[in-house]
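The block underneath contains the structure these notes are about, expressed in structure tokens.
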Amino acid sequence: MLDWKRTMDNSKVLLFVITEDTRSLTTMILAAYYIGLGKDVVLCVQHLNEEESMVRNEKLTSQAVKDYNRGRVYLSDLAKRKQVSVFDNITKSVQRAIDLCCGNR
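Each step along the sequence shown adds one to the number in the UniProt record's numbering, with nothing skipped, and position 59 is 59.
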């Protein structure tokens with residue numbers, strides 16, 4: 001088994017941060033996987049800016065931005081249905097992860 005996967009599997013709480021300046025497809029897939037397993041997950045989901053999104057010096061088309069944001073909406077919806085905390089603010093999501101680690105539900 002991969003070391004990073006073993007570490008994630010054994011973690012008490014998993015924090016996934018999906019920022020407004022990345023596609024984050026792998027992160028979204030991993031988050032959905034661990035939510036499906038019933039792990040304690042906290043999400044920070046930021047949407048891509050529809051006006052001008054750049055990822056690694058590449059300007060995304062408006063259709064690409066809509067597609068990536070749709071994936072973010074689907075993940076957020078799944079998370080909320082599974083009672084997973086979803087934030088758009090990194091500081092708040094980190095604080096929630098700390099609270100969960102300390103046993104504060």
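Backbone N, C-alpha and C define an ideal beta-carbon position, used for all residues, glycine too. All of these numbers come straight from a predicted model, not from anything done at the bench.
Apart from the 5 residues on each side of it in sequence, SER76 sits with its Cβ closer than 6 Å to the Cβ of VAL45, VAL86 in its chain, given in chain order.
A distance below 8 Å separates the beta carbons of LEU60 and LEU48.
Apart from sequence neighbours up to five positions away, the residues of its chain that approach GLY71 with a beta-carbon distance below 8 Å are LEU25, MET28, ordered along the chain. The Cβ atoms of ARG96 and VAL42 sit closer than 8 Å to each other.
Closest option to ASP99, judged by alpha-carbon separation, among LYS5, ASP9, LEU15: LEU15.
Here the alpha carbon of ASN89 sits roughly 16 Å from the alpha carbon of LYS80.
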